[in-house]
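Numbering (my numbering), first residue to last: 63 to 249.
As structure tokens, the structure follows; a few thoughts come after it.
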Amino acid sequence: MQGFIKIKTIIGKKVLANLLKKKSKRLVKFCNIKDANSFGLLCVIKDEKDFKKIIGLIKYLKDEFGIRNIKALAYYPKKDNPIFIQSRLGFDFYNIKDLNWFCLPNTVTTRNFINENYDILLDVTDGEFIPQKFILHYSKSSLKVGTFSEKNKPYLDLMIDFKSKDFQENINQVVSYLDMLNNKKDN
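So this is what it looks like as structure tokens:
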């Protein structure tokens, strides 16, 4: 099974490379986090600890900034549906069984997430996961934010170079940058 996933990943990378050659029609709009009405969160959940971090982040964004429309989409890179991950209002996940033959997640949940125009989409994925790259590529979000890397340049509008491995410290850094953004209204 592991070999089959590797083949899917190779095909997925080639499909993504071809997609990136086409010009995007998406309009990028920078948004201060205090002005955001909607917030998308893209992540990978490998264990219960990861799940609790994401739930804590959602709560923090709601409590601290009053963002009511927050949706998280998590990728669980295994076949089973673990007990600790529960789909709930504002949090959904997909797993390895939901990927097509080139690693595109093909579920109603992922299509809905992609078609939502979030003011800010934050990718907290640690590492390169082809299914997440497809979601980033196709997302209609106004501002896509994530970790600085050469591989992320085609997908993100704002990249942050994290110096720490501490999740909370990195989130604080993201919030700080998003708070510095000027959201000038068109006259």
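Note that the Cβ used here is the ideal one computed from N, Cα and C, for glycine as well.
Measure the alpha-carbon distance for residue i versus residue j and round it to whole angstroms.
i	j	result
residue 203	residue 145	30 Å
residue 231	residue 238	11 Å
residue 188	residue 113	14 Å
residue 161	residue 193	8 Å
residue 201	residue 118	24 Å
residue 226	residue 182	22 Å
residue 123	residue 151	15 Å
residue 254	residue 79	The question about residue 254 has no answer, for the chain in this structure spans 63 to 249.
residue 235	residue 126	15 Å
residue 107	residue 195	15 Å
residue 159	residue 73	16 Å
residue 65	residue 88	35 Å
residue 249	residue 97	Confidence at residue 249 is low in this model, with a pLDDT of 36, below 50, so its placement is unreliable and no value can be given for it.
residue 86	residue 148	34 Å
residue 177	residue 153	16 Å
Are residue i and residue j touching if we call contact CB-CB under 8 Å?
i	j	result
residue 139	residue 156	no
residue 215	residue 190	no
residue 95	residue 241	yes
residue 120	residue 136	no
residue 103	residue 184	yes
residue 91	residue 198	no
Got a sec, what are the start and stop residues for the beta strand (DSSP E) residue i sits in?
i	result
residue 196	Note, residue 196: premise wrong, no beta strand (DSSP E); alpha helix (DSSP H) at 192-200.
residue 182	182-185
residue 132	131-138
To which residues does DSSP link residue i through a beta bridge?
i	result
residue 221	208
residue 150	153
residue 144	In DSSP, residue 144 forms no bridge with anything.
residue 161	167
The alpha helix (DSSP H) that contains residue i, what's its start and end?
i	result
residue 234	229-242
residue 175	170-177
> What are the complete beta strand (DSSP E) segments, minimum 3 residues, inside the stretch 66-126?
Replying inline: List check, beta strand (DSSP E) in window: 100-106.
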